[in-house]
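**Student:** I'd like to ask some things about the structure below.
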Amino acid sequence: MEPDKEIPLDDLRTDRDRGRAATNTTRVKMARLALDFLFFRRFWRLLKILFPCHRRSITAWLAGALLVATAIDQVMTYLVGIQPSLFYVALGNRDIDTFKSLCARGAAIIIGKAFTLAVFKYLTNMLAIKSRQVCNLTMHRLYFKRQAFFKLSSSGDMLDNPDQRLTQDIEKATRILSNDLLAPVVTAPFIIGYYTWLTYESSGWIGPAAIYSYFVVQTIINKLVLSPIVQKVSEQEKMEGDFRQRHMEVRSNVEAIAFYRAGVLENIMTNQKLKSLILTQKSLTEWRMLLNGITNIFDYFGGILSYLIIGIPVFITHLYDDVTPAELNGIVSRNAFFYLYLIYSFSTVLKLAGDFGELAGVTHRVMELHEELNRLHSDCLETDRPPSTVPSSVVVIASDEDDKSATRHMQEIHGKQMSLERDEQEEEEAQYLLGGKTNGDDEWPDDGVAITSSLLRMFAGLWHCSSGKMDCHWRRLTSNLFFLAQKPYFPSGNTTLRQQIVYPVKALQVDKDVARITQILEWVKMEHLIERCGGLDTPVEWDWMKTLSPGELQRMSLARVFYTRPRIVFLDESTSAIGFELEMQIYKKLQEEKITFVSSRALFLFHSLIIPAF
Numbered sequence: 001m002e003p004d005k006e007i008p009l010d011d012l013r014t015d016r017d018r019g020r021a022a023t024n025t026t027r028v029k030m031a032r033l034a035l036d037f038l039f040f041r042r043f044w045r046l047l048k049i050l051f052p053c054h055r056r057s058i059t060a061w062l063a064g065a066l067l068v069a070t071a072i073d074q075v076m077t078y079l080v081g082i083q084p085s086l087f088y089v090a091l092g093n094r095d096i097d098t099f100k101s102l103c104a105r106g107a108a109i110i111i112g113k114a115f116t117l118a119v120f121k122y123l124t125n126m127l128a129i130k131s132r133q134v135c136n137l138t139m140h141r142l143y144f145k146r147q148a149f150f151k152l153s154s155s156g157d158m159l160d161n162p163d164q165r166l167t168q169d170i171e172k173a174t175r176i177l178s179n180d181l182l183a184p185v186v187t188a189p190f191i192i193g194y195y196t197w198l199t200y201e202s203s204g205w206i207g208p209a210a211i212y213s214y215f216v217v218q219t220i221i222n223k224l225v226l227s228p229i230v231q232k233v234s235e236q237e238k239m240e241g242d243f244r245q246r247h248m249e250v251r252s253n254v255e256a257i258a259f260y261r262a263g264v265l266e267n268i269m270t271n272q273k274l275k276s277l278i279l280t281q282k283s284l285t286e287w288r289m290l291l292n293g294i295t296n297i298f299d300y301f302g303g304i305l306s307y308l309i310i311g312i313p314v315f316i317t318h319l320y321d322d323v324t325p326a327e328l329n330g331i332v333s334r335n336a337f338f339y340l341y342l343i344y345s346f347s348t349v350l351k352l353a354g355d356f357g358e359l360a361g362v363t364h365r366v367m368e369l370h371e372e373l374n375r376l377h378s379d380c381l382e383t384d385r386p387p388s389t390v391p392s393s394v395v396v397i398a399s400d401e402d403d404k405s406a407t408r409h410m411q412e413i414h415g416k417q418m419s420l421e422r423d424e425q426e427e428e429e430a431q432y433l434l435g436g437k438t439n440g441d442d443e444w445p446d447d448g449v450a451i452t453s454s455l456l457r458m459f460a461g462l463w464h465c466s467s468g469k470m471d472c473h474w475r476r477l478t479s480n481l482f483f484l485a486q487k488p489y490f491p492s493g494n495t496t497l498r499q500q501i502v503y504p505v506k507a508l509q510v511d512k513d514v515a516r517i518t519q520i521l522e523w524v525k526m527e528h529l530i531e532r533c534g535g536l537d538t539p540v541e542w543d544w545m546k547t548l549s550p551g552e553l554q555r556m557s558l559a560r561v562f563y564t565r566p567r568i569v570f571l572d573e574s575t576s577a578i579g580f581e582l583e584m585q586i587y588k589k590l591q592e593e594k595i596t597f598v599s600s601r602a603l604f605l606f607h608s609l610i611i612p613a614f
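Right, dumping it as C-alpha cells:
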C-alpha cells in the first residue's frame with residue numbers, strides 16, 4: 001500500500017463481501033414470493049424454530065394440549081349437531097319423557113361446548129404468545145451475536161426493514177399460525193375422513209363424490225387467485241416498513257431538516273412513500289375481493305348441494321320408504337348435518353387460503369432474515385481464521401503474554417507492518433496514541449481525522465481488510481479494548497443511572513460500586529444526575545438521547561471508560577462537544593488511571609506516539 005495514499009472506507013471490506021452483497025441483493029429483488037417449494041422449505045424451518053424437539057419445549061406442549069382441546073370440541077360439535085334429529089323424532093312421536101331427557105342432555109352438551117371453546121381460545125392465544133417469544137429470542141440471539149446487527153444494517157439493500165421483520169412480521173406470522181391455522185389444518189384430515197364415511201353410509205358413493213368434486217373445483221380456482229395475493233402481501237409489508245422508516249428518518253433528523261427549511265421537500269418525499277403504499281394496498285384489496293367473492297359463492301352453494309345429496313336416498317335409491325314420517329324427519333335432519341358439516345369442513349379449509357396467503361408473505365420475510373443472519377455468521381467463521389505467518393499489511397495488538405517483545409513500542413516493520421504493543425509487567429505509564437496520517441514528522445495533516453474512523457472500525461472487527469490481515473491477540477472484550485463512537489448511545493426505557501454507567505454489562509446493585517460511580521460522575525461533572533434520577537437504581541422513563549445535551553452524552557460515555565478501566569480505549573472524536581478545560585481534565589484523569597487511549601488530533605500534546613496510515 002502506498003504511504004501517501006488514503007484508505008477508502010469501502011476498501012476495508014473484502015471484494016468477496018461486496019460481490020456477495022451484490023449477488024444477494026439481486027437474488028432478493030428478483031425472487032418471486034409465492035406458494036412454492038421455497039415457501040414450504042422456509043415454513044418447515046420456521047416450525048422447527050417454534051416447536052423444538054425436546055421435553056422442555058413449552059410451545060410443543062401447548063400445541064399438543066390445543067389439539068386435544070380441538071378433538072374434544074369436535075366431539076361436542078357432533079353431539080350438538082345430531083341433537084335436533086333426536087328432538088324431531090321425540091316431537092313427532094309425542095314422547096314427553098324422551099323430550100325431557102333430551103332437554104337435560106342438550107343443556108349439558110351446550111355447557112360442555114361453551115367450556116371447550118373457552119379453553120380452545122385460551123390455548124390458541126397462549127400458543128401465539130409463546131411462539132412469538134421463542135421466535136423472537138432465536139432471532140435476537142442471531143441478530144445481536146458477533147455484531148450481526150451492524151453488518152446487516154451496513155450491507156445496503158439486501159434486506160429491507162429488519163426492525164419490521166423482527167417485530168411486526170414475527171408477531172403476525174405466529175398469530176396467524178397459532179390462532180387461525182394450526183388446529184384446523186392438523187384436525188381437518190380426521191374430520192373430513194370421519195364425515196366422509198358418515199356421508200357414504202347414508203347416501204352411497206354419489207354423496208362423497210359430489211362433495212369432493214365440488215371441493216376440487218373450488219381449490220383450483222382459489223389457487224389461481226391466491227398466488228398473486230401472496231406476492232401482494234409481501235409487497236404491502238415492505239411498503240409499510242418503508243413508510244414507517246420515512247417518518248422515523250424525519251423524527252431522527254428534525255433539527256437538521258428545520259435548519260434546511262426542507263419541510264416542503266420532506267412532505268413530497270413522504271407522500272411518495274404513502275402513494276406507493278396506497279397503490280399496493282388497493283391492488284391487494286381488489287384481489288382479496290375476488291377471493292372473497294369466489295369463497296362466498298361456494299359457501300352458499302354448499303347449502304343447496306347438501307339438500308341435493310339428501311334427495312338421493314329419498315327419491316333415487318328409495319332407502320327410507322319403510323320408515324315413519326317422524327323417523328324420516330330425524331334421519332333427514334341427521335344426514336343434513338353430516339353433509340353440511342363435511343361441506344363446511346372443506347369450506348373452512350378453503351377459507352384458510354386467505355390466512356395461508358398472509359402467512360406465506362410474512363414467513364418469506366422472517367425466514368429471509370433468518371437465512372441472512374446465518375450467512376453473516378458463517379462469513380464470520382470464515383474470516384476469523386488463525387493468524388498467518390505470511391508477511392502482509394498487518395496491525396498487531398499484542399498481549400502482555402507475548403514473549404517476542406519485552407517493551408511497549410509501535411513501529412514500521414518491513415515498511416508495511418505496524419505493531420502496537422503494551423507490556424503491563426513494567427510499572428511505566430501507559431502510552432497515549434494519536435491515530436492518522438503523517439508526513440514523516442510530528443505534524444498532523446488535514447486529512448488525519450478521516451482515516452481514524454476507518455481504523456477503529458477495523459480494530460473493532462466491524463470491517464475487514466481488502467488485503468492482508470489484522471491479528472488481535474487479545475480477546476475483544478471491553479476490559480481489554482473499549483471503543484467510543486462519534487455518536488454516543490444510551491438505551492431508553494426504564495433504565496437506571498447505574499445501568500448507563502456500567503453499559504455494556506448488566507447492572508447489579510452492588511453497594512461497593514456506589515462510591516466509585518459517584519466519584520466517576522464527579523470527574524466528568526455529571527454528579528447532578530444522581531439527584532435528578534432519584535439515585536443510581538431508580539428507573540427513569542425519559543429518553544436519555546433526547547434529554548441530555550451532546551456534551552453531557554459524551555461525558556457520560558467517558559464515565560463508562562473510567563468504570564470499565566480497559567487496557568486500551570479508542571476515542572473516535574468522543575470529546576468534540578466537551579469544553580476545552582474539562583476535556584483537558586478528563587485526558588489527564590485517563591493518564592492518572594493508566595488507561596492507554598487512542599484519539600484524534602485535538603489532543604496532540606497528550607500523545608506519546610502516532611499511528612501512521614500506510
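If you're matching positions, the sequence shown starts at 1 in UniProt numbering and goes up one per residue. Even for Gly, the Cβ is constructed at its ideal location relative to N, Cα and C. Computed from a predicted structure; not experimentally measured.
1. Helix or strand or just coil, what does DSSP make of residue 481?
2. Give the DSSP-derived three-state secondary structure of residue 87 in the structure shown.
3. Residue 246 and residue 270: beta carbons closer than 9 Å?
4. Taking only three categories from DSSP, how would you classify residue 597?
5. Identify which residue in 142, 590, 480, 296 has its Cα closest to the Cα of residue 351.
6. Which two residues bound the contiguous beta strand (DSSP E) that contains residue 314?
7. With a threshold of 7 Å on Cβ separation, who are the neighbours of residue 309 within its own chain once the five nearest residues in sequence on each side are excluded?
8. Quick check on this structure: which residue in 567, 524, 550, 557 has the alpha carbon closest to the alpha carbon of residue 703?
9. When you compare the CB positions of residue 513 and residue 502, do they come within less than 9 Å of one another, or not?
10. Which one or two residues does DSSP pair with residue 495 in a beta bridge?
11. Since I believe residue 130 is in contact with residue 59 (beta carbons under 8 Å), could you give me their beta-carbon distance rounded to a whole number of angstroms?
12. Does DSSP put residue 264 in a helix, in a strand, or in coil?
13. Is the distance from the Cβ of residue 287 to the Cβ of residue 192 below 9 Å?
14. Quick one: Cα of residue 317 to Cα of residue 290, how far?
15. Whose C-alpha, out of 550, 539, 509, is nearest the C-alpha of residue 526?
16. Considering only residues of the same chain and omitting the five flanking positions on each side of residue 116, which have a CB-CB separation below 8 Å?
17. Which residue spans inside the segment 186 to 272 form an unbroken alpha helix (DSSP H) run of at least 4?
18. Which first and last residues belong to the alpha helix (DSSP H) in which residue 590 is found?
19. Leaving out the 5 sequence neighbours to the left and right, which residues in its chain are closer than 7 Å to residue 65 when beta-carbon positions are compared?
20. Who are residue 569's beta bridge partners in DSSP?
21. Let me check understanding here. Comparing Cα to Cα, which of 565, 50, 319, 464 lies closest to residue 137?
22. Which of the three DSSP states is assigned to residue 509 in this structure?
23. Which residues bound the alpha helix (DSSP H) around residue 531?
24. Is there contact here, the segment 484 to 492 with the segment 545 to 563, by at least three beta-carbon pairs under 8 Å?
25. So residue 633 and residue 293 are in contact, right, with Cβ under 8 Å, and what is the actual spacing, rounded?
26. So does the segment 145 to 153 actually touch the segment 171 to 187, counting three or more Cβ pairs closer than 8 Å?
27. Where residue 455 and residue 278 are concerned, what is the direct C-alpha to C-alpha distance, given to the nearest angstrom?
28. Taking the alpha carbon of residue 45 as the reference point, which residue from 57, 367, 587 has its own alpha carbon closest?
29. Output the residue ranges of the alpha helix (DSSP H) runs that lie fully inside the segment 52 to 104 and measure 4 residues or longer, sorted by chain position.
30. Can residue 319 and residue 181 be called in contact, C-beta distance under 9 Å?
31. With residue 463 as the anchor, note down where its alpha helix (DSSP H) starts and where it stops.
32. Would you report the Cα separation of residue 243 and residue 127, rounded to the nearest angstrom?
33. What does a CB cutoff of less than 6 Å around residue 218 pick up in its chain, not counting 5 residues either side in sequence?
34. Would you kindly report the start and end of the unbroken alpha helix (DSSP H) that includes residue 176?
**Tutor:** Let's see:
1. strand
2. Reduced to three states, the DSSP call for residue 87 is helix.
3. yes
4. strand
5. 296
6. Premise fails: residue 314 is in no beta strand (DSSP E) and is neither H nor E.
7. 203, 207, 210, 339
8. For the chain, the structure presents residues 1 to 614; residue 703 sits outside this window and is missing.
9. yes
10. 540
11. 5 Å
12. helix
13. Their beta carbons are not under 9 Å apart, which means residue 287 does not touch residue 192 by this criterion.
14. It is roughly 39 Å from the alpha-carbon of residue 317 to the alpha-carbon of residue 290.
15. 550
16. Around residue 116: 69, 72, 73, 76.
17. 206 to 252, 254 to 260
18. 580 to 592
19. 123
20. 482, 597.
21. Of the candidates 565, 50, 319, 464, the one whose C-alpha sits nearest the C-alpha of residue 137 is 50.
22. coil
23. That run of the alpha helix (DSSP H) goes 528 to 532.
24. yes
25. Residue 633 is absent from the structure shown; the chain starts at 1 and stops at 614.
26. no
27. Answer to the nearest angstrom: the Cα atoms are 45 Å apart.
28. 367
29. 58 to 92
30. Judged by beta-carbon spacing, residue 181 lies beyond the 9 Å limit of residue 319, meaning their Cβ atoms are not closer than that value.
31. Run containing residue 463: none; DSSP gives neither H nor E here.
32. 31 Å
33. 298, 350
34. Segment: none, residue 176 is in no alpha helix (DSSP H) and carries neither H nor E.
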